[in-house]
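Residue numbering for the sequence shown follows full-length UniProt numbering, beginning at 1 and increasing consecutively. All C-beta atoms in this analysis are idealised placements derived from N, C-alpha and C, irrespective of residue type, glycine included. Note that the structure is predicted; figures quoted are calculated from it, not measured.
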Amino acid sequence: MLTHTGLRWLPASRSPAGQTMASAKESPVSHGHNGKGLELAVQVGGMTPLKAIEASTATAPEVLSPQALETCMLKAGYDTDFIALTSNPLENVSVVADPDHVTHIWLGG
Numbered sequence: 001m002l003t004h005t006g007l008r009w010l011p012a013s014r015s016p017a018g019q020t021m022a023s024a025k026e027s028p029v030s031h032g033h034n035g036k037g038l039e040l041a042v043q044v045g046g047m048t049p050l051k052a053i054e055a056s057t058a059t060a061p062e063v064l065s066p067q068a069l070e071t072c073m074l075k076a077g078y079d080t081d082f083i084a085l086t087s088n089p090l091e092n093v094s095v096v097a098d099p100d101h102v103t104h105i106w107l108g109g
């Protein structure tokens, strides 16, 4: 595991091939900077931007509980939060961690 500002990270490169990776926002990161975990997963944990985003959006609810599945898809009747950004986070994942790059927020679908 790696330590970054008191947080511990298991590098994705050390996880067994094919293992499901999930992440959740249970950290001392301040409100409005929730995307910092994604940035750290890429920079410190060795994940690709796509895998980091999937681990905290689609995969996390899958591994938490069946009820949580209604929070991981953009589908009618689901309780999904999502954001719009000024640029593509697959090209620069740090935009997710910077509130200045968030243009819209939708809560609860």
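Quick one: what does DSSP say V95 is sitting in, helix, strand or coil? helix
Give me the Cβ distance between P99 and P49, rounded to the nearest whole Å; I'm assuming they're in contact under 8 Å. Their Cβ separation, rounded to whole angstroms, is 18 Å, which puts P99 and P49 out of contact at 8 Å.
Look up L85 in the DSSP assignment and say whether it is helix, strand or coil. In the three-state scheme derived from DSSP, where H, G and I count as helix and E and B as strand, L85 is classed as strand.
Let me know the secondary structure DSSP gives V102 once reduced to three states. strand
Cα separation between M1 and K36? Any reading at M1 needs caution, since the residue's pLDDT is 44, under 50, leaving its predicted position unreliable; the model's value is listed next. Near 18 Å, if we compare the C-alpha coordinates of K36 and M1.
Under the rule that 16 or more other beta-carbon atoms within 10 Å means buried, what is I53, buried or exposed? buried
Could you pull the start and end residues of the alpha helix (DSSP H) that E54 belongs to? 49-56
Selected residue, minimal CA-CA separation from G46, among A58, M21, T57: Of the candidates A58, M21, T57, the one whose C-alpha sits nearest the C-alpha of G46 is M21.
Range covered by the alpha helix (DSSP H) that runs through T59: 59-64
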